[in-house]
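Residues 156 to 625 in my numbering are what the sequence shown lists, from first letter to last. These notes are about the structure you will find just below.
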Amino acid sequence: MVAVLPDPGGFEITSNIVIIGAGACGLVAGMAAREAAFDGATILLLERDKSPSGSTALSSGFIPAAGTKLQNEKGIEDSPERLEADIMAKAKGSAHFPLVRAVTAEIREAIDWLSSVHGLPFILIDGFLYPGHATYRMHAMPQKTGAALQAALLDAAEQCDFPIAGGHRAEILYRDGQGRITGVGVRTDTDELQMIGCDVLILACNGYGGNPDLVREHIPEMAEAHYFGHRSNQGEAVIWGQKIGARLADMSGYQGHGSVAWPHGALISWALMMEGAVLINKDAERFSNEHEGYSEQAARVIAQRGGIGYVLFDERLLGLGRGFPDFVDAEEAGAVISAETPEELAQKLKIPLSGLEDTLHHIQDCHTASSVDPFGRDFTTHPVLNAPYKAIRVTGALFHTQGGLDVDERARVLDQNGIPLPNLLAAGGAARGVSGPDVSGYLSGNGLLTAVALGRIAGRQAGRMLEAGE
Ligand SMILES: Cc1cc2nc3c(=O)[nH]c(=O)nc-3n(C[C@H](O)[C@H](O)[C@H](O)COP(=O)(O)OP(=O)(O)OC[C@H]3O[C@@H](n4cnc5c(N)ncnc54)[C@H](O)[C@@H]3O)c2cc1C
């Protein structure tokens, strides 16, 4: 039962700050709250799963940040303003600018803080550029996986002296007559309902990708799509928000992905596409400018016959792909189809040879600039595809939702008039993102950007609110 009930007038357990959700956002919020809150303040992180993982652990774990020490050491000139400009450009101006400014400034500090204070061994991904990013600014764990990021954050949070209660699903918010959240009702693994009081509540329980009804309502184009994020993300933040008069924003925005190996269910990095691969359909025809971004490709692939596409690449790009653990998994699962000639490839994929030859000739012509790509992709910057050819059967998928509770630059949840609600904060996938209301507004990394940056802002803000007795 997801509900908002009147304050019961007393709680079995209390904690000054309660955080719901132990993905990147909740863990970072907890660490930041620990630093910001007065000595002796209590912090409790509630997590529905026994062992916290979230979409964070499923992700590639790449966090965009500009102006970091790591970039400086590598001589990469970048700034929060440049990242801000890239985010606004990708969203065609529709992202909420004050939030974009706040998170792009915060993420630089957050990455340096996570690495120097909490020992996270970030590396900078500098082999290729993600669509829409002006320079190399993706920060990741050396393993280049979200699982490694989640493990490192969990490890760091566990050193910070606050409990992380796995197997605790928050179901109920309790609210007093002034609109303050006074506590949370939590369903434990043993099906008990525990009532936990709080002074400040942070919602870090991500979005509603795992709730088919909410997806159908807000993102109908992805109603039938495979959800590739964490199942526990059922949209409680949005459901509670609606019950307490909070404003929702950018609800139709989401992160999709146009190359999930199918039926293997492994992410094929868009790096291949940025370095020369193309996406074709069952008629062996391209249907988009792959360099616009992977997110908008999800619905485009689903719109093809059978909801299927093929990533077409070659031996050179196979080497690049093998640098990504997800790609290696896909290859081990038998997702990569190899062929010495277009004839063999057409036969193996059961696609028309004439269509495949036309597509390969077209790429060649665009490469030498004797043709212009009707979709607007520039093929002159990378080598053409050469035999032996490779292909992976893919579909489009929903990764996570980008809409959520409207928040200000301090992560305070806003009411219908844009006024902050008394003691409720939201961040990461629980809050609106920085991609605007359309799938095409998602710039690579916007998800973990707001999980980490807004999570840290929320943690600090919770500490401040306690101090001020707000
Ligand atoms: C395949 C894939 C690849 C991705 N790659 C990237 C990438 O490289 N870079 C990037 O920026 N983004 C990426 N993303 C998006 C990114 O994973 C998310 O934006 C980010 O992890 C959100 O963090 P979060 O902490 O808000 O949510 P999560 O990590 O999902 O954490 C939310 C937690 O809340 C818990 N929870 C939910 N409801 C409740 C409840 N009622 N009570 C208690 N606990 C609850 C959940 O169990 C979960 O542990 C990717 C997503 C996917 C699916």
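A virtual CB, placed ideally from N, CA and C, is assigned to each residue, including glycine. All values reported here derive from a predicted model rather than from experimental measurement.
Would you call residue i buried or exposed, if buried means 16 or more other Cβ atoms sit within 10 Å of its Cβ?
i: N541; result: exposed
i: N572; result: exposed
i: I278; result: exposed
i: Q333; result: exposed
i: R529; result: Before going further, note that residue 529 is Pro rather than Arg in the sequence given. Per the 10 Å Cβ criterion, exposed.
i: T550; result: buried
i: Q502; result: exposed
i: P318; result: exposed
i: M296; result: buried
i: S271; result: exposed
i: K205; result: exposed
i: P253; result: exposed
i: I574; result: exposed
i: T671; result: This structure cannot speak to residue 671, because the chain is shown only from 156 to 625.
i: D561; result: buried
i: A617; result: buried
i: G464; result: buried
i: G543; result: In the sequence as presented, Gly is not what sits at residue 543; that position holds Pro. With fewer than 16 other Cβ atoms within 10 Å, it is exposed.
Kindly indicate if chain D contains any beta-carbon less than 8 Å away from that of residue i.
i: D438; result: The structure shown contains no chain D, having only a single protein chain.
Is the beta carbon of residue i within less than 7 Å of some heavy atom of ligand 1?
i: R203; result: yes
i: A177; result: yes
i: G181; result: yes
i: G584; result: yes
i: P207; result: yes
i: E391; result: yes
i: A312; result: no
i: S214; result: yes
i: A325; result: yes
i: H294; result: no
i: Q397; result: no
i: S450; result: no
i: F641; result: No information on residue 641 is available, as it lies outside the stretch 156 to 625 that the chain covers here.
i: L603; result: yes
i: S387; result: yes
i: I218; result: yes
i: A453; result: no
i: C360; result: yes
CA-CA distance, residue i and residue j?
i: S407; j: R324; result: 26 Å
i: D241; j: S443; result: 21 Å
i: F283; j: L472; result: 12 Å
i: L508; j: E470; result: 20 Å
i: E347; j: V341; result: 8 Å
i: Y285; j: M428; result: 10 Å
i: D484; j: I198; result: 38 Å
i: D267; j: Q519; result: 44 Å
i: Y291; j: E228; result: 13 Å
i: A454; j: P375; result: 11 Å
i: D533; j: E447; result: 11 Å
i: C180; j: G462; result: 33 Å
i: G559; j: S526; result: 44 Å
i: L356; j: A265; result: 21 Å
i: V159; j: L200; result: 20 Å
i: D194; j: L598; result: 39 Å
Just grab the DSSP bridge partners of residue i for me.
i: L369; result: Beta-bridge pairing links L369 to no other residue.
i: R330; result: P161, I336
i: L348; result: R342
i: K545; result: F468, S493
i: G411; result: L553
i: D570; result: A401
i: C353; result: S170
i: M293; result: P219, I280
i: L200; result: I174, I319
i: A421; result: A416
Sorry if obvious, but does the Cβ on residue i come closer than 7 Å to a heavy atom of ligand 3?
i: G365; result: What this structure holds is ligand 1, not ligand 3.
Leaving out the 5 sequence neighbours to the left and right, which residues in its chain are closer than 7 Å to residue i when beta-carbon positions are compared?
i: T535; result: H522, A524
i: M186; result: H273, A311, A312, C315, G614
i: G400; result: D570, Q571
i: A212; result: G301, A302, Q305
i: A432; result: V466, L467, F468, L472
i: L225; result: F277, L279, H294
i: A246; result: S590, G591, G596
i: E430; result: F283, L472, L475, H537
So, at 6 Å on beta carbons, what are the nonlocal neighbours of residue i in its own chain, with the 5 sequence-adjacent residues on each side left out?
i: L358; result: I175, A392, A581, A585
i: D162; result: Y329, D331, T337
i: P497; result: L511, E512
i: F479; result: S424
i: S214; result: G301
i: T259; result: P235, L238, E239
i: A191; result: R615, G618
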